[in-house]
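Those protein sequence lines, which keep their order, are chains A and B.
Heads up: the first sequence begins at 469 in the working numbering, then just goes up one per residue.
Heads up: the second sequence begins at 469 in the working numbering, then just goes up one per residue.
Heads up, the beta-carbon is just placed ideally off N, CA and C, and yes, glycines get one too.
Structure record follows, encoded as structure tokens.
There are 2 protein chains.
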Amino acid sequence: MNGGALERHYRDYLAALDDRRFEDLPAFVADELTYNEASLSAARYRALLEDDVRRIPDLSFDVQHLVVAGDHVAARLRFDCTPVETFHGFEPTGSRVVFTEHVFYRFRDDRIVQVWSLLDVAALQRQLGRPES
Amino acid sequence: MNGGALERHYRDYLAALDDRRFEDLPAFVADELTYNEASLSAARYRALLEDDVRRIPDLSFDVQHLVVAGDHVAARLRFDCTPVETFHGFEPTGSRVVFTEHVFYRFRDDRIVQVWSLLDVAALQRQLGRPES
């Protein structure tokens, strides 16, 4: 894929997540991948994504910025959502929270084989208070 | 600049920081920029960088991953360093800490005009304890 095609493919991946079409993930995610240095199966990755949307039913992926080159995508994603269960150790308050994620992906044969993600934990702390120990 | 030239230019910027050649920053940083949505002068940006290396004298910038396209650079940076003063609210312990930063830059006329940075605050918390209130 060239850069434009990979960008469209990545946006299709996020659209699948927005639409909760988890059954479409095999088109976007390799059978085995690494996530922040940990090895994961596609099934485990799907389970983590499903868990996120269970905790945040209105989760949607707003692309603020994309950099695409070769097999690599870097994205700044913005979330404006209302957690209903504990999320990354933060108890829900019933209020919406706004935070960003900076995430790098490596694709192989059009499927994600590596993810490096950082969430804006400081923003979550400011809005939700300190995480439970 | 093409992608290869911008990557070299960005690596030269990090080398200037590693060498504490702050006087070279005008080659890399525009007179006015935005940093995580805040407007900054180049002088203020330099002062923030100088403050970081005062707090972490052995700070150096290890590029783990780069994505470069057009005027945009996305970098995963790794730090392995020993803070000697409070850093992002965390008291120094005398021990080294290892953490990453995911940072996006936009260049104009070869100089940084926009920065979006996220630090791995969770990693800092794990290694340094909770920040002082």
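| query | In or out: D588/A buried (at least 16 other Cβ within 10 Å) or exposed? | reply | Translated into positions along the first sequence, residue 588/A becomes position 120. D588/A should be labelled buried.
| query | Is there at least one Cβ from chain A nearer than 8 Å to V531/B's Cβ? | reply | Numbered from its first residue, the second sequence carries residue 531/B at position 63. Closer than 8 Å: no.
| task | Step through the CB atoms of chain B and report whether any lies within less than 8 Å of the CB of G472/A. | result | Start at 1 with the first residue of the first sequence, and residue 472/A comes out as number 4. So no, G472/A is outside the interface.
| task | Using 10 angstroms around the beta-carbon of P551/A, count the other beta-carbons present and answer buried if the total reaches 16, otherwise exposed. | result | The residue given as residue 551/A occupies position 83 in the first sequence. With 16 or more other Cβ atoms within 10 Å, it is buried.
| field | C-alpha gap between E475/A and F547/B, whole angstroms | value | Within the first sequence, the letter at position 7 stands for residue 475/A. Within the second sequence, the letter at position 79 stands for residue 547/B. If you take the alpha carbons of E475/A and F547/B, they lie about 30 Å apart.
| query | Counting pairs of beta carbons, one from the region 496 to 512 of chain A and one from the region 559 to 572 of chain A, are three or more of them closer than 8 Å? | reply | no
| Nearest CA to the CA of A591/B: which residue from F558/B, R489/B, V583/B and L485/B? | For the purposes of this step, residue 591/B is taken as the residue at position 123 of the second sequence. Checking every option, the nearest Cα to that of A591/B belongs to F558/B.
| query | Under the three-state reduction of DSSP, which class applies to R479/A: helix, strand or coil? | reply | Within the first sequence, residue 479/A is the residue found at index 11, counting from 1. Of the three classes helix, strand and coil, the one that applies to R479/A here is helix, per DSSP.
| field | Element boundaries [alpha helix (DSSP H), containing R522/B] | value | Residue mapping note: residue 522/B aligns to position 54 of the second sequence, counting from 1. That run of the alpha helix (DSSP H) goes A510 to R523.
| field | CB of A473/A within 8 Å of CB of V535/B, strictly | value | Translated into positions along the first sequence, residue 473/A becomes position 5. Translated into positions along the second sequence, residue 535/B becomes position 67. Taking 8 Å as the Cβ cut-off, A473/A and V535/B do not qualify as a contacting pair.
| Among all the DSSP beta bridges, which residues are the ones paired with F496/B? | On the second sequence, residue 496/B is found 28 positions in, with the first residue counted as 1. Beta-bridge pairing links F496/B to no other residue.
| task | Evaluate T568/B with the Cβ neighbour count: other Cβ atoms within 10 Å of its Cβ, from every protein chain shown; 16 or more gives buried, anything less gives exposed. | result | For the purposes of this step, residue 568/B is taken as the residue at position 100 of the second sequence. So T568/B ends up on the buried side.
| message | Can you confirm whether V497/B, when its beta carbon is compared against all beta carbons of chain A, has any partner nearer than 8 Å? | response | Here the question's residue 497/B lines up with position 29 in the second sequence. Chain A contact via Cβ: absent.
| field | L527/A, DSSP secondary structure in three states | value | As a first step, residue 527/A is located in the first sequence; it is residue number 59 there, counting from the start. Residue state, collapsed to three classes: coil.
| request: Name the two residues that bound the continuous alpha helix (DSSP H) containing V589/B. | output: Here residue 589/B corresponds to residue number 121 of the second sequence, with the count starting at 1. Per DSSP, V589/B belongs to the alpha helix (DSSP H) from V589 to L596.
| request: Residues of the region 566 to 577 of chain A with a CB closer than 9 Å to any CB of chain B: list them in chain order, please. | output: T568, E569, H570, V571, F572 and R574
| message | For L517/A and R489/B, I'd like the C-alpha separation in whole angstroms. | response | In the first sequence, residue 517/A corresponds to position 49, counting from 1. In the second sequence, residue 489/B corresponds to position 21, counting from 1. Whole-angstrom Cα-Cα distance: 44 Å.
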